[in-house]
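Working notes for the structure below.
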Amino acid sequence: MTRPTTSKSVFLLIAICLTSCGESHKTSKPVATTESKLAAIKTLNAIIKPSTSAKVTTSNDIDWPAGELPWDRFTLPLISPNGLHAIVQLGKTPQLNQLCGRKNTPITTTSIELHALDPLQGRRIAPHVIDRKGLIIGRSVNNQFALVELPAGENGRWIGEIDWATGSLRWIVSDDAINCFSTTNPAGDIAWSRREQDNNRFHLVVKTSRGQRVIDDGSSDWLLPSFVGNDRLRAFQISNGRLSLVEFDLRATNPMQTSLALPILQSGATREIAWQIATTNSVSTVNYPSAFYHPIRKRMVVWQPSEVLDTVALEPKSIAAVPIADGSWLVATTNRVLRQSSTGENGIHLRNRFAIPIATTSSQWTHLLLIPDGNRLQIRAINIDK
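The sequence shown begins at 63 in my numbering and counts up by one.
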């Protein structure tokens, strides 16, 4: 898999590549002057059709600077739920077969930085560079620590946590198995996919203050878990070429007996496809419900198994979405950001430019927007509740 060379192709890779498999897109280099930026926005306003029944806003005060982050043009940073910390992976991007757990070759080309964000004043604060090389970031963070992984060849793949305040790295899983896709929740529980080096099938492991447990059906490949609050877990299941999203109740004695499944693909499922679906959206440790990119419907979809309408399709061609406190959604396509109702039927056009939305727990900056700008990501804060 080759590294994308433009911001647009990066995120098309994450989402549209799921069905087009390598299609490339070219965009011009971002303009530098204020006049040309304003002209470009006017052009976008003229050619972009708002969502059905959409209302368009042209306010310049809807969001404000909250900092910027270095970027390898591929790996999205992970932001703490309070919006005050970010972990960034830099250097040459590992191959996709390493990221999805198929290979475990040690990596020497990556470095990790911790950044403090300033959503109030947008100040730049010197990062904390982690000394250990060859790490890759996990799938989520909380307000205390960020998860990282170390592919170590025959010595296994380890999972560690890095303290935001001190930058200290502590190994929490360090055996000779392949431990991938680490994720956490507000309580500090950890979940991940694990397989032995001589077994090409992953099972799920959940580690809490009460102990460690395995979730497995003995036959499927279980990938990319994420917590739903503290008491539920979702993961992708590959079985006989079929891909499903499955939710478990962690309060049950046997979570497998509580599983609810949403079919996604009926054939052709691979770990690479599951990884790309799972990484379109930043994994939050607090926000529920959550959305994922559906490769057949070609848009973000909300799965709510406890509701009468168990799935809601968001804006066509959307590639990221996060919830808002009132039940609506902040939705991104490749060229704009919308606020949509929970039914997905209408929206308010917020931004004439691509941005990845991140939900936070702050009442002052309810969301952050990640905006590609060459080898940097501009961070802007927004208060949707106002």
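Heads up, the beta-carbon is just placed ideally off N, CA and C, and yes, glycines get one too.
Residue pairing of R135 in beta bridges, as defined by DSSP: absent, with no partner found. The beta carbon of P325 sits closer than 6 Å to those of S306, all from its chain and outside the five residues before and after it, given in chain order. Secondary-structure assignment with DSSP links A323 through a beta bridge to V308.
In the three-state DSSP reduction, A128 falls in the strand class (E or B).
Between the stretch 336-345 and the stretch 316-324 there are fewer than three C-beta pairs closer than 8 Å, too few to call the two in contact. In the three-state reduction of the DSSP assignment, N241 falls in the strand class. The stretch 121-138 and the stretch 174-183 touch, with three or more beta-carbon pairs separated by less than 8 Å. Q160 carries a helical assignment under DSSP once its states are collapsed to helix, strand and coil. Shortest Cα-Cα distance from P357 to any of V370, S380, S368, Q366 involves S380. Rounded to whole angstroms, G273 and M362 show a C-alpha spacing of 35 Å. By the neighbour-count criterion, in which 16 or more other beta carbons inside 10 Å mark a residue as buried, I187 falls on the exposed side. DSSP places A383 in the uninterrupted beta strand (DSSP E) bounded by 382-385. Closest by C-alpha distance to V235, out of G229, W365, N217, is N217.
Under DSSP, D283 shares a beta bridge with I300.
S244 is the residue among I410, P213, S244 whose C-alpha sits nearest the C-alpha of E223. Going by beta carbons, F354 and T342 fall inside the 8 Å limit. In the same chain as A239, and ignoring 5 residues on each side of it, the C-beta atoms closer than 8 Å to its own belong to G218, R219, R256, R257, E258, Q259, in chain order.
Burial state of G280 is exposed, judged by a 10 Å Cβ sphere holding fewer than 16 other Cβ atoms. V203 is a Cβ neighbour of T246, given a cutoff of 8 Å. In this structure A314 is exposed. Its beta-carbon is surrounded by fewer than 16 other beta-carbon atoms within 10 angstroms.
Taking every protein chain shown into account, the CB of G389 has fewer than 16 other CB atoms within 10 angstroms, so this residue is exposed. Spatial neighbours of K360 in its own chain (CB-CB distance under 6 Å, excluding positions within 5 residues in sequence) are not present. When DSSP reads this structure, P419 sits in a beta bridge with L431.
By the neighbour-count criterion, in which a residue is buried when 16 or more other Cβ atoms sit within 10 angstroms of its Cβ, T170 is exposed. A distance of 8 Å or more separates the beta carbons of A375 and A383.
Between the C-alpha atoms of D447 and P132 there is a straight-line separation of about 29 Å. Judged by their CB atoms, L286 and A297 are nearer to each other than the 8 Å cut-off. Spanning the alpha carbons of A443 and W427 requires a straight line of approximately 6 Å.
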